[in-house]
Structures are given as C-alpha cells and as structure tokens.
Amino acid sequence: MIRIAQPEIGPEEIAAVNEVMRSGIIAQGAKVAKLEEDFAKYCGTKYALAVSSGTAAIHAALHAAGIGPGDEVITVPFSFIATINPILMVGAKPVLVDVESNTFCMDVNKLKKAITKKTKAIIPVHLYGQPANMDEINNIAAQHNIVVIEDSCQAIGSEYKGKKSGSLGNIGCFSLYATKNIMCGEGGMITTDDENYAIAIRRFRQHGMSAPYIYDELGYNYRLTDLQAAIAIEQLKKSDRFTDSRQKNAMIISAGLKDIKGIILPTIGPDRTHVYHQYTIRITSDFPISRDEFASRVQALGVGAGVYYPRALHTYPHIAKLGFKTGDYPVAERMAGEVVSLPVHPAVTSKDLGLIIGAVKEVLASV
Ligand SMILES: *Cc1c(COP(=O)(O)O)cnc(C)c1O
19 MIRIAQPEIG
29 PEEIAAVNEV
39 MRSGIIAQGA
49 KVAKLEEDFA
59 KYCGTKYALA
69 VSSGTAAIHA
79 ALHAAGIGPG
89 DEVITVPFSF
99 IATINPILMV
109 GAKPVLVDVE
119 SNTFCMDVNK
129 LKKAITKKTK
139 AIIPVHLYGQ
149 PANMDEINNI
159 AAQHNIVVIE
169 DSCQAIGSEY
179 KGKKSGSLGN
189 IGCFSLYATK
199 NIMCGEGGMI
209 TTDDENYAIA
219 IRRFRQHGMS
229 APYIYDELGY
239 NYRLTDLQAA
249 IAIEQLKKSD
259 RFTDSRQKNA
269 MIISAGLKDI
279 KGIILPTIGP
289 DRTHVYHQYT
299 IRITSDFPIS
309 RDEFASRVQA
319 LGVGAGVYYP
329 RALHTYPHIA
339 KLGFKTGDYP
349 VAERMAGEVV
359 SLPVHPAVTS
369 KDLGLIIGAV
379 KEVLASV
C-alpha cells in the first residue's frame, strides 16, 4: 500500500533525539528555544512559540488575542475539527463563511456579510497547503479592527505574494503532528510579530505563569519537550526539500490525470504557492461512480486514498446545536462529498506515481 502520509525520519532526527536523551534535559529547554528561533526566521516573523499541538496553538492564539465569551470568531465549515474547537474552548461563538470550490479556502466574497459588532477574530484555513485569499481577509479585518489568526497547520512554507504563511495575519498557527509536512509526533508552533501576543502565549502554555510561581491567570500545560523540538529542528531544515518533492509529485499526478471527465484537479489561487500537504481531487457527479466507491476501488489497488474531510464541521452535533443546519454551507457540504486525496508526500517514488495514476485509470476503465 502506498500510504497517504509517511513521516520522513532520517539519521539526523535519530541523532538529535539521542543527544537530548544523553543530555538528561528532556522537557522544554534549549532545543525548544532553538526551534523557536529557527522557526521565526523561516516564517519571517519576530517571534515563534512552541506548544504541544496545533490545537493548543489555536487555543493559545485566541486567548492571547483576548477572545472570550460574547465574542464571535469567523472561520470556515470545511476543515479539520481542530480549527473550530478552540473557538468553543475560549467560550466564543463560531461564525462560518463558506469555502470556494476551486481553492477549498474561505470565499472572501461571503466574508463581509458575516461580520458583526461582536466579530473579534477571523481564522482563515490554508487548507491542503495553499494560503487563503489573505489580502481581502486582511483588508476587511483592518476595517473592523479584527485579529487575523492563520490556521497554517497544513501549510508550512507556503507563500502569498512572496511572504510565508504564518506571517500573513496577526498570529500564525502550525501543527507538527506526525502526518504534517514537517513533524515531531505531536507539536505546534505559533508565529507573530506582536510582543504582547508572544508574552501572553508564553504565559498561557505554562499555567498562566509570568515568573516562577507567579500565576497571573488561568493557563494550561501546553509545553513542547526538547525531545520533540530536536526532531522538529531537523525537519525544519528539510522543509524546503520536502515541499519541492511534494510540488514535483503533484505536477506529475496532475499531468497523468488531466482531461478525465468528472475529476477536477487541484488549482492554485493567484499570488500564492501550494505546499501540497494533500493532493486533493474532486470526484463530481460527472464521474461514473461515487467518491466513496472511487476511493475504495483505488485503495483496493494499493493506493492509500484518503477523504479529508467527509463531513462539513457544522453538521457535527456539538457545532450543529449552536444553531447550524445541513444546507447552510452548500459548497462545504458538496466538497465533503467530492474530495479525495492521493499520496503526494516525499516518500512517494516515481514508480509509486506511475502506480497512483495507473490505479485511477484502471478504476475508470472498469466502470
Ligand atoms: C492538524 C490540524 C490542526 C490541529 O493540529 P494538531 O497538532 O493535530 O492539534 C488544526 N487545523 C488544521 C487545518 C489541521 O490540519
């Protein structure tokens, strides 16, 4: 089976972990500090803060931005659940804006209508690895004094108008989970140019502590360990090479699958680069079989096709009960029924690419 995700772990990561193990200093320390320095430099921001997950990153970002009960936070209904849950974790109300069917990112034409006096933040999601339409989002946010928090968990290294994701809004959130473009098992990063946000995030990840045993407010234990940071430091060095490989793989798959009726290939919006966390196609009603049938037939041929995501977020019970219903976000709902991702990661070989393209054609020929 050609897996849908496969972390690339080399001798560098193994040596780095060994070094931390031998040092006897395992928890947040010098490696976390080094990762933060390298990550900020990579993204082009003043600060980068390490936390225990991408979910913790978004939670900490919302807290640092002062979001709480009575506030509204705008995001999209087509993403991983961890985009929306932190909005509930700070007690705010999620407001959803539908996505575009070509980029799968927020449809900025529908953003203005969603803004109210209570809107305090917008969380655009750079889904599958390409940035959302950030100029429009930033313009609208600036007019209303709204904080922009990028969910860049899938988009490390992607660019919009020559600037890296994570530096495009006020705060950027990343995940270092095992399947992400760079990883350390579990982990997260937060980028910002704002010193006050950086201070608030450092406090929040450590029990609300501003100095030894001085607890200013409620906080969490959201720290990353030096063991994980050591892995992430090595992965970050390889990030551009990983991206290069993903982009080349995506081009080859797209060339192999062009002009098939009922299959829509990924497209890249203007002024941005795509780092292909996922290579995601759409199986539309013009295709002879359903998306689910397509995915299971491709899987049966040894290609680990995956569906990200099979349901729009507003249809899950804990979100729906806030007042959403099926039909509210028709594009997101349609995408959830059409998308399927094919393996694109750096460990996919040129032989694998041939097998992936061949499997799709074989499925097509068999129906
Ligand atoms: C992975 C991911 C997250 C959450 O990251 P974790 O590290 O798994 O907590 C949030 N948003 C998106 C879009 C993601 O892909």
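Each residue of the sequence shown is one higher than the one before, counting from 19 in this note's numbering. For glycine and all other residues, C-beta sits at the position ideal for the given N, C-alpha and C. Bear in mind the structure is a predicted one, so any value in this text is a computation, not a measurement.
{"query": "I need the straight-line Cα distance from T101 to R300, nearest angstrom please.", "result": "22 Å"}
{"query": "Where do the N-terminal and C-terminal ends of the beta strand (DSSP E) with L67 fall, by residue?", "result": "Y65 to V69"}
{"query": "At 4 residues or longer, what runs of the alpha helix (DSSP H) sit wholly inside the segment 204-289?", "result": "213-222 and 244-274"}
{"query": "By the 10 Å Cβ neighbour count, where 16 or more other Cβ atoms means buried, how is S314 classified, buried or exposed?", "result": "exposed"}
{"query": "Determine the direct distance from the alpha carbon of I44 to that of G355, and round the result to whole angstroms.", "result": "44 Å"}
{"query": "Classify S303 as buried or exposed, calling it buried when 16 or more other Cβ atoms lie within 10 Å of its own Cβ.", "result": "exposed"}
{"query": "Mapping the DSSP letters down to three states, classify D310 as helix, strand or coil.", "result": "helix"}
{"query": "Provide the residue(s) that pair with M124 in DSSP beta bridges, ordered along the chain.", "result": "V117"}
{"query": "Could you check if G5 belongs to the surroundings of ligand 1, using beta carbon to heavy atom distance under 6 Å?", "result": "Here the chain has residues from 19 to 385 only, and residue 5 is not among them."}
{"query": "Pairing CB atoms from the segment 331-341 with CB atoms from the segment 127-135, are three or more of them under 8 Å?", "result": "no"}
{"query": "Given 8 Å as the limit, is there contact between the segment 106-116 and the segment 150-168, that is, 3 or more CB pairs closer than that?", "result": "no"}
{"query": "Tell me whether V358 sits in a helix, a strand or coil according to DSSP, three-state version.", "result": "strand"}
{"query": "Does the separation of the CB atoms of G205 and S176 fall below 7 Å?", "result": "no"}
{"query": "Quick check on C191: does DSSP put it in helix, strand or coil?", "result": "strand"}
{"query": "To the nearest angstrom, how far is it from the Cα of D234 to the Cα of K52?", "result": "27 Å"}
{"query": "Which residues mark the beginning and the end of the alpha helix (DSSP H) in which K405 is found?", "result": "For the chain, the structure presents residues 19 to 385; residue 405 sits outside this window and is missing."}
{"query": "Using only the alpha-carbon positions, how far apart do L245 and I200 sit?", "result": "15 Å"}
{"query": "If you follow the alpha helix (DSSP H) that I20 is in, where does it begin and where does it stop?", "result": "Looking at the DSSP string, I20 is not in any alpha helix (DSSP H), and its letter there is neither H nor E."}
{"query": "Helix, strand or coil for P87 per DSSP?", "result": "coil"}
{"query": "Please confirm whether any heavy atom of ligand 3 lies closer than 6 Å to the CB of A248.", "result": "No copy of ligand 3 occurs in the structure displayed; its ligands are ligand 1 alone."}
{"query": "Output needed for D169: all residues of its chain with C-beta closer than 6 Å, excluding positions within five of it in sequence on either side, in chain order.", "result": "T101, I141, V143 and C191"}
{"query": "Any heavy atom of ligand 1 closer than 6 Å to the Cβ of S257?", "result": "no"}
{"query": "Give the DSSP bridge partners of E168, in chain order.", "result": "G190"}
{"query": "Return the first residue and the last residue of the beta strand (DSSP E) that R300 is part of.", "result": "Y297 to I301"}
{"query": "By alpha-carbon positions, which one of V362, T367, T298 and K279 ends up nearest to V385?", "result": "K279"}
{"query": "Could you tell me the alpha carbon to alpha carbon distance between K131 and S119, rounded to whole angstroms?", "result": "19 Å"}
{"query": "Let me check understanding here. Comparing Cα to Cα, which of H225, R220 and A173 lies closest to S257?", "result": "A173"}
{"query": "At a cut-off of 6 Å, would you count Y238 as near ligand 1, judging by its Cβ distance to the nearest heavy atom?", "result": "no"}
{"query": "Write down the C-beta distance between G62 and K255 rounded to the nearest angstrom, noting that I regard them as a contact closer than 8 Å.", "result": "Going by Cβ atoms, the distance from G62 to K255 rounds to 17 Å, so no, they are not a contact pair."}
{"query": "Measuring from the CB of V143, is there a heavy atom of ligand 1 at a distance below 6 Å?", "result": "yes"}
{"query": "Which one of Q296, A250, A247 and M227 has the shortest CA to CA distance from I271?", "result": "Q296"}
{"query": "Are the segment 19-31 and the segment 204-218 touching by the rule of at least three beta carbon pairs closer than 8 Å?", "result": "no"}
{"query": "Considering Cα atoms alone, identify which of H292, G86 and D370 is closest to G322.", "result": "D370"}
{"query": "So within the segment 325-379, which uninterrupted alpha helix (DSSP H) runs reach at least 4 residues, ignoring any that extend past its ends?", "result": "335-338 and 348-356"}
{"query": "Taking 6 Å as the cut-off, is the C-beta of G147 nearer than that to any heavy atom in ligand 1?", "result": "no"}
{"query": "With 16 other CB atoms within 10 Å as the buried threshold, where does E252 fall?", "result": "buried"}
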